[in-house]
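Heads up, the sequence shown is in the numbering used here, so the first residue is 1 and it goes up one at a time.
Just so it is clear, CB atoms sit at the ideal spot from N, CA and C, and this is done for glycine as well.
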Amino acid sequence: MPGPELADISTEELDGLAERYLAPNYGKRIGLPIALIRGSGCWGYTPEGDKYLDFLGGIAVCVLGHCHPAVTRAIADQAERLLHASNLFLTEPQVRLAQMLVEHSFAEQAFFCNSGAEANEAALKLAKKIAQDRGETQRYEVVSLQDSFHGRTIATLSATGQTKLQEGFKPLLPGVNYLPINDVQAAHELIGERTCAVIVEPIQGESGVRPVGEEYLRMLRELCTERGAALILDEIQSGMGRTGKLFAFEHAGIEPDIVTLAKGLGNGMPIGAMLAKRETMSHLSPGSHGSTFGGNPVACAAALATLETLFEENLMERVQELSEHLFRQLKELRKAFPKRIREIRGLGLMVGVELDEAASVHRALLERGILTNCVRGKTIRLLPPFIITRAEIDLFIGELRAILAEEES
Ligand SMILES: Cc1ncc(COP(=O)(O)O)c(C=O)c1O
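Below, the structure is given as structure tokens:
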């Protein structure tokens, strides 16, 4: 593994250059400047040779861990053959990836883009287009959930139910309404003949790992069908096997009209996707939407290798087993520290540990060599790669226990 001799630059130097040359939108990132120069499995390495156990996986991206050999090989092979072609021409990885996604889902066709925001942007456009094609010109409103997160473009920020993130960017898209999560009556009142789309994360990730509930999802499905709105399920964080099934909505036994994917799809290569049935997708008529890089052969080759590995190595079953192990240990920890740990939420390997105050625990975990994420100062978010071992989970639990015990002493 890399030692200091392999690093071209120190963390301190990088931090200084970043401060000078990068836009300040990420602020001080996680508080401590940490630079990663190499990753392997569930571990990330710094220029100084320190190593971190990655319980965040690049925010739900590295589902197979860092630099999985199958993905790295697929990227290298494809990069030697054809790096880019544009969508004026056919490329095999894009078509094969669409085929594979279709063969493992309710969908019949796929559209590819480069990020989660772009996938949701495409979904919102498609929902509008469906209504317009039907002559329903007044059906352009979007319903989303309070505390949701759907991206940072103007349309997806408009659909994001968090006023704090919208500050400074108004006016946003007109006609977006936010439902209080699990409020059935509000859903009946807000979803109506002007609603073209209802967009929902089956598990809200950015607001602290909050499952919206299977019954609520089923109710939204019925309501959308009844009122003629497209149900868009944003599986950008919860998809790709993270909950033990390829899509989190499968737990509720429903089918969306449109599903969006990104993050884990390319295991680190930037790629987003929108999936739907052929009839729904037919409204994306020639020339109506597009992307120069969308469906890029290298990104698609990485995604194909990721999906193949996911299925060949039964990693979704592994997610379920590891999840049971992780939840069991977290629940024990909660019993030991009932005042500090308020709630443990999530599904599969998408887990939120809510504390009365989490920022100090997040920092202490970093200092002990574990990467997690602190959401809204209260929740430690865990999104480890699916290849994490029981021993690595135990290591994390041991450190968390030691931090909470140290606080008490
Ligand atoms: C549920 C969800 N939707 C959309 C996005 C936006 O994805 P991206 O950052 O790739 O644009 C994210 C990113 O965190 C997300 O978690």
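Taking residue 377 as the centre and dropping the five residues before and after it, the same chain places the C-beta of 357, 358 and 359 closer than 8 Å to its C-beta, in chain order.
Look at residue 267 here: in three-state DSSP terms it is strand. The beta carbon of residue 146 sits no closer than 8 Å to any heavy atom of ligand 1.
The beta carbon of residue 326 sits closer than 6 Å to those of 393, all from its chain and outside the five residues before and after it, given in chain order. In this structure residue 386 is buried. Its beta-carbon is surrounded by 16 or more other beta-carbon atoms within 10 angstroms. Annotation: residue 25 to residue 90 spans about 37 Å, alpha carbon to alpha carbon. The alpha carbon of residue 88 has as its nearest neighbour, out of 296, 353, 270 and 322, the alpha carbon of 296. The criterion of a C-beta distance shorter than 9 Å is satisfied by residue 196 and residue 142. Remark: three or more beta-carbon pairs, one from each stretch, lie closer than 8 Å, so the region 273-290 and the region 109-128 are flagged as touching.
Taken from the Cβ of residue 266, every heavy atom of ligand 1 lies 8 Å or farther away. A straight line joining the alpha-carbon of residue 262 with that of residue 294 spans about 12 Å. In this structure, residue 202 sits near residue 212, with a CB-CB distance shorter than 9 Å.
Looking at 298, 53, 336 and 129, the one whose alpha-carbon comes closest to that of residue 74 is 298. The alpha-carbon of residue 276 is positioned some 40 Å away from that of residue 366. When only Cα atoms are considered, residue 81 and residue 270 end up about 19 Å apart.
For residue 311, the enclosing alpha helix (DSSP H) starts and ends at 297-312. Using a Cβ-Cβ distance cut-off of 8 Å, the region 340-355 and the region 310-322 are in contact, since at least three pairs of beta carbons, one from each stretch, lie closer than that value. Around the beta carbon of residue 128, 16 or more other beta carbons lie within 10 angstroms, which makes this residue buried.
Under the three-state reduction of DSSP, residue 396 is assigned to helix.
Contact annotation: residue 147 and residue 204 have beta-carbon atoms nearer than 9 Å. Membership of residue 165 in the alpha helix (DSSP H) is indicated by the continuous run 163-166. Going by DSSP, residue 109 is part of the beta strand (DSSP E) stretching over 109-113.
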